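Following my numbering, the numbering of the sequence shown begins with 24 at its first residue and continues without gaps.
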Amino acid sequence: MSQKKIVFLLFVFFTILQTQAQVSFKPGLRGGLSLSSISEMHGDYKPDFYVGGFGEINLTKRYALQPEITYTRQGSNDVARNYFEAGTSIEKEERLDLKLDYLSLSLLNKFTFGPGIQIQFGPSLDVLVEDNLAITKNRNDISFISGVAYRFPSGLTIEARFKKGFLDVLDSSYYSNNSNNYYWLGEYNVNNSFQFGVSYIFGK
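Shown next as structure tokens:
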């Protein structure tokens, strides 16, 4: 075997050892305030909470994969509902709060810059566990999360994220065509959610 091949194999071997030495797993908890809405709808943001756990898999000093499981309460408040009074042609309006609670399974990429600044992004599968809708279009949602965070040396992190859903969550035809009531909404209604909270990682 030539010296060049030996040097190359040694380089690969020590690179693998170095990479394995950097890999670590640390669990953590997270929670905070959620401000959510449903697109193409006459309603307000719904303030609520999210809570969950995660595992940080550090692959390098600056990069980590973070699988998460989170319970999050979403929806939209003060949504306009028009209806006809029973037995008359008089049209009235009331305001309702729509509720969509999800169990989210996410996989985030985390890049760390400087002393503790982080950029986070990745996909999420959201499973609907509870709602107050008469009918839904999809009981699951696929979303994308992006955000920034700052981690203190103690392991406490403050974070801000935006979560964008991609699937139509409401059956617009049902609400628009029901003879007795309908909502003012468009044809494609997706989840939008801002999250502001804290997390804590164990093992610091």
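From the three backbone atoms N, C-alpha and C, an ideal C-beta is built for every residue, glycine too. Being a predicted model, the structure only gives us computed values, none of them experimental.
Bounding residues of the beta strand (DSSP E) (the contiguous stretch that carries residue i)
i    : result
D191 : Careful: D191 lies outside any beta strand (DSSP E) and carries neither H nor E.
D152 : Looking at the sequence itself, residue 152 is Val, so the reference to Asp does not match. Looking at the DSSP string, the run of the beta strand (DSSP E) that includes V152 is I140 to D154.
S60  : S47 to I61
Three-state secondary structure (DSSP) of residue i
i    : result
I113 : coil
L131 : strand
R162 : coil
K84  : coil
E182 : strand
Y223 : strand
P90  : strand
E79  : strand
G66  : coil
V102 : strand
G137 : coil
F175 : coil
Check whether residue i and residue j have beta carbons under 9 Å apart
i    : j    : result
S216 : S62  : no
Y73  : G54  : yes
L151 : D124 : yes
L121 : G66  : yes
G98  : D154 : yes
E91  : L119 : no
S127 : G75  : yes
Whole-angstrom C-beta distance between residue j and residue i, which should lie under 8 Å
i    : j    : result
F48  : Y86  : About 14 Å; that fails the 8 Å criterion.
Q141 : A172 : 4 Å
Residue environment, residue i, which counts as buried when at least 16 other CB atoms sit within 10 Å
i    : result
I224 : buried
G170 : buried
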